[in-house]
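Colleague: Following this message is one structure expressed as structure tokens.
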Amino acid sequence: LVLICFYFDLPWYLRMLGQWTQTLQRIRKTSQEQLKRNVQFHVFISYSEHDSMWVKHELIPNLQKEEKLICLHEGHFDPGKSITENIKNCLEKSCKPIFVMSPKFVQSEWCHYELYFAHHRLFHENSDYVMFILLEPIPLYCIPTRYPKLKALLGKKAYLEWPKDRRNCG
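If you read the sequence shown in my numbering, its first letter stands for residue 1, the second for the next number, and so on.
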């Protein structure tokens with residue numbers, strides 16, 4: 001009796017497993033295509049307000065030389081929406097977020113939200129989605145314990161170090 005049940009049920013379970021796998025692949029492919037259609041910017045720049053002068057005078061001009069479309073929170077947040085909703089929308093409309101890392105960034109709760117949502121997308125899409133620019137060295141002990149994802153990302157991901165002295169730029 002057990003062999004008969006096994007004989008008749010096994011093909012059914014295998015077909016169901018195949019259908020389930022195809023459905024998941026279709027959903028994943030559709031969501032990635034939909035994300036590509038929603039993209040309006042090349043980059044979303046996340047930074048602390050304390051680093052805004054550097055972003056506006058160094059980073060943005062360098063990106064504009066490459067004709068990149070840039071999303072910044074002060075110009076592309078929709079009034080009336082919550083800050084977290086605006087962060088998610090800007091990240092979804094951008095191909096790649098750039099995080100300008102500094103000790104002030106590490107202390108900013110809003111910067112952490114931006115990093116959290118980008119990390120979630122990185123995990124969901126399983127892609128190399130995040131770029132870090134390190135303005136100053138950040139010792140790991142300076143990162144608050146409530147931000148474990150930041151420690152993990154800085155420990156695993158490569159990042160660019162921006163030279164303070166322009167003569168060292170090769």
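Built from N, CA and C at the ideal position, the CB exists for glycine as well.
Let me confirm a value: P97 is counted as buried when at least 16 other C-beta atoms fall within 10 Å, else exposed. Which label applies?
Modeller: Stepping through the sequence shown from its first residue, residue 97 is reached at position 97. Label assigned to P97: buried.
Colleague: Going by DSSP in three states, K96 sits in which element: helix, strand or coil?
Modeller: Position 96 of the sequence shown, counted from the first residue, corresponds to residue 96. Three-state result, K96: strand.
Colleague: Taking the beta carbon of D51 as the centre, do at least 16 other beta carbons fall within 10 Å, making it buried, or is it exposed?
Modeller: As a working note, residue 51 is residue 51 in the sequence shown. That one is buried.
Colleague: Alpha helix (DSSP H) containing V43: first to last residue?
Modeller: For this step, residue 43 is matched to residue 43 along the sequence shown. Counting along the chain, V43 falls outside any alpha helix (DSSP H), though it belongs to the beta strand (DSSP E) covering F41 to S46.
Colleague: Classify I177 as helix, strand or coil using the three-state DSSP reduction.
Modeller: Here the chain covers residues 1 to 170 and nothing more, so residue 177 does not appear.
Colleague: Could you work out which residue in V43, P11, R15 and K156 is closest to F99 when comparing CA atoms only?
Modeller: Locating residue 99 in the sequence shown gives position 99, where the first residue counts as 1. Ranking V43, P11, R15 and K156 by Cα distance to F99 puts V43 first.
Colleague: Buried or exposed: which applies to H112, given that a residue is buried once 16 or more other Cβ atoms fall within 10 Å of its Cβ?
Modeller: Along the sequence shown, one-based indexing puts residue 112 at 112. Buried, since its Cβ has 16 or more Cβ neighbours within 10 Å.
Colleague: Short of 8 Å in beta carbon distance, which residues of its chain neighbour P11, apart from the five on each side in sequence? Order them along the chain.
Modeller: Taking the sequence shown and counting its residues from 1, the one referred to as residue 11 is at position 11. For P11, where only same-chain residues beyond five positions count, there are no Cβ hits under 8 Å.
Colleague: Rounded to whole angstroms, how far is the Cβ of I143 from the Cβ of L150, which I believe are closer than 8 Å?
Modeller: As a first step, residue 143 is located in the sequence shown; it is residue number 143 there, counting from the start. As a first step, residue 150 is located in the sequence shown; it is residue number 150 there, counting from the start. The Cβ separation is near 6 Å, so the contact holds.
Colleague: With a threshold of 6 Å (Cβ to nearest heavy atom), would L160 be considered close to the ligand FMN?
Modeller: The ligand content of the structure shown is nil, which means the ligand FMN is not present either.
Colleague: Just to confirm my understanding: we take L153, look at its own chain, exclude 5 residues before and 5 after, and list those with CB closer than 8 Å. What are they?
Modeller: Stepping through the sequence shown from its first residue, residue 153 is reached at position 153. Excluding positions up to five away in sequence, the list reads L115, H119, V130 and F132.
Colleague: What's the gap between the Cα of F77 and the Cα of T84?
Modeller: Start at 1 with the first residue of the sequence shown, and residue 77 comes out as number 77. Start at 1 with the first residue of the sequence shown, and residue 84 comes out as number 84. Roughly 10 Å between the two C-alpha positions.
Colleague: Take the Cβ of V106 as the centre, count every other Cβ of all protein chains shown within 10 Å, and call the residue buried at 16 or more, exposed below.
Modeller: Locating residue 106 in the sequence shown gives position 106, where the first residue counts as 1. So V106 counts as buried.
Colleague: Leaving aside the five residues before and after S94 along the sequence, list all residues of the same chain whose C-beta is less than 8 Å from its C-beta, in chain order.
Modeller: Within the sequence shown, residue 94 is the residue found at index 94, counting from 1. So the qualifying residues of the chain are V39, Q40, F41, H42, V43, F44 and C71.
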